[in-house]
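In terms of our numbering, the sequence shown opens at residue 40 and continues consecutively.
Yeah, the Cβ is synthetic: ideal placement off N, Cα and C, and Gly gets one too.
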Amino acid sequence: MSFARVIGTGGYLPEKVLTSAELEKMVDTTEQWIISRTGVRERRIAADHERTSDLAERASRAALDEAGISPQELDLIIVATTTPDHVFPSVACLLQDRLGIHNGGPAFDIQAVCTGFVYALDVVNRFFLTGASKKALVVGAETFSRIIDWTDRNTCILFGDGAGAVVLEAADEPGIVSTHLHADGKYHELLSVPMGVSANYEQVLKGEAYTQMRGSEVFKWAVKALGDIVDETLLANSLEKSDIDWLIPHQANIRIINATAKKLDMNMNRVIVTVDRHGNTSAASIPLAFNEAVRDGRIQRGQKVIMEGFGGGFTWGSILLVY
Ligand code: UT7
């Protein structure tokens, strides 16, 4: 049996910074309201020419450099995204081509909105456990700004664009230790872009495919789900809260992150936070935060990390890994 062990991380943020002060000029809000209710001071917005695959490629190349392997060695590519370049082909296939990989290995996208990266790590772990993959690239990449109504103050203050990537290799030592995925479609209307290829397509054609959210209901659900999923992860592995070195939560709102940390009695200096500078980058938020904390030396080899996500669907889940 092989574990999926992270051997490289990478991240990419578009150059354009949109501050919460600038949003005051766009919608009926204040910088102070945004920062106090969400913790977001600024977020990055992709340039008009930048697509999700461009962001994914930049993050992937950084992760491959860090891993010290050639793209040709990858036998699996999974991209978690809700904002693919096209209906098809997948961003993963576009990325495979950009990286010059023509070895016939599988490449596909996963759509679980903000839990997408967690879902992707679960899937890649199963490939490793069965021996079907030995070196894989997993990316969370979004141009979420494209599905935001920039006149809707309930949503536009929250989201940003970016990409994060990890390269994993089969190893005898952990690795990904356990994965926990959940979904409950009953809540699909609370957070959605309720239009696409086979529903309300005329709105897509008019450029009106926007995120809709009943924020305070999503908030309550997120706090509960993110707290419960950590308890589930600890129980499944017979671990205590104090055994966990780092928590990497999905970066939706600093109040959700604080509430989860409090529920776990976790000091905030053991929680990785990027929401202040990135906003909510959906599937990219966890790998971006992971990359930042690995690169600045906070997360060290051998430490136990819990990643946890929550998003539209609803979907939620967690990963326990030893870095
Ligand atoms: O990544 C997937 C998961 N997504 C999330 O987890 C997002 C979860 N939700 C949230 O982060 C929060 O619910 C929001 C930040 C979206 C909203 O914060 P809230 O504290 O839940 O505010 P609220 O929706 O209960 O609204 C409170 C008030 C309302 O005014 P009234 O009705 O009390 O007069 C809103 O109209 O705040 C108003 N409001 C705003 N005021 C200034 C809503 N948005 C804004 C705004 N600026 N941007």
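Short note on Asn193: C-beta closer than 8 angstroms to some heavy atom of ligand 1. Membership of Phe42 in the beta strand (DSSP E) is indicated by the continuous run Phe42 to Tyr51.
Fully contained in the region 44 to 117 are the following alpha helix (DSSP H) runs of length 4 or more, in chain order: 59 to 62, 70 to 77 and 91 to 106. Asp148 carries a strand assignment under DSSP once its states are collapsed to helix, strand and coil. Under the 10 Å beta carbon count, Met346 is surrounded by 16 or more other beta carbons and is classified as buried. Contact between the region 164 to 182 and the region 103 to 119 is present, with at least three C-beta pairs closer than 8 angstroms. Scanning its chain for C-beta atoms nearer than 8 angstroms, with the 5 sequence neighbours on each side dropped, one finds around Asp211 the residues Ser41 and Phe42, in chain order. Relative to Asp188, the option among Val205, Tyr158 and Gln251 whose CA is nearest is Gln251.
Taking C-beta atoms as the reference points, Ala151 and Pro326 fail to come closer than 9 angstroms. Taking the Cα positions, Glu208 is about 26 angstroms away from Arg309.
Of all alpha-carbon atoms in Glu112, Gln71, Ser357 and Ala238, the one lying nearest the alpha-carbon of Asn142 is that of Glu112. By the Cβ neighbour-count rule, Tyr158 is buried, with 16 or more other Cβ atoms within 10 Å of its own.
In terms of Cα proximity to Ala171, the closest of Asp148, Ile186, Gly144 and Leu160 is Gly144. Between ligand 1 and Thr69, a heavy atom-to-CB distance of less than 8 angstroms is present. Put simply, the backbone Cα of Glu331 is about 14 angstroms away from that of His289. Under DSSP, Ala222 shares a beta bridge with Thr354. In this structure, DSSP gives Glu228 a helical state, which the three-state scheme calls helix. The three-state reading of DSSP puts Met234 in coil, since its state is none of H, G, I, E or B. The closest heavy atom of ligand 1 lies less than 8 angstroms from the beta carbon of Ala291. Annotation for Trp189 indicates a beta carbon at 8 angstroms or more from all heavy atoms of ligand 1. Thr77 and Ile196 do touch by the CB rule: their CB atoms are close to 6 angstroms apart, below 8 angstroms. At a threshold of 8 angstroms, Val257 counts as near ligand 1, since its beta carbon sits closer than that to one of the ligand's heavy atoms. The three-state reading of DSSP puts Ser255 in helix, counting H, G and I together. For Arg76, the distance from the CB to the nearest heavy atom of ligand 1 is below 8 angstroms.
Judged by DSSP in its simplified three-state form, Ala210 adopts strand. For Gly50, the closest of His221, Leu278 and Arg100 by C-alpha to C-alpha distance is Arg100. Taking 9 angstroms as the cut-off, the Cβ atoms of Glu89 and Pro53 count as close. Per DSSP, Glu247 lies in no alpha helix (DSSP H) segment and is marked neither H nor E. The beta carbon of Leu94 is closer than 6 angstroms to those of Tyr51, Ala180 and Ala202 in its chain, skipping five residues each way along the sequence. Using a cutoff of 8 angstroms, the CB of Phe127 does not count as near ligand 1, since none of the ligand's heavy atoms is closer than that. Per DSSP, reduced to three states, the secondary structure at Met307 is helical.
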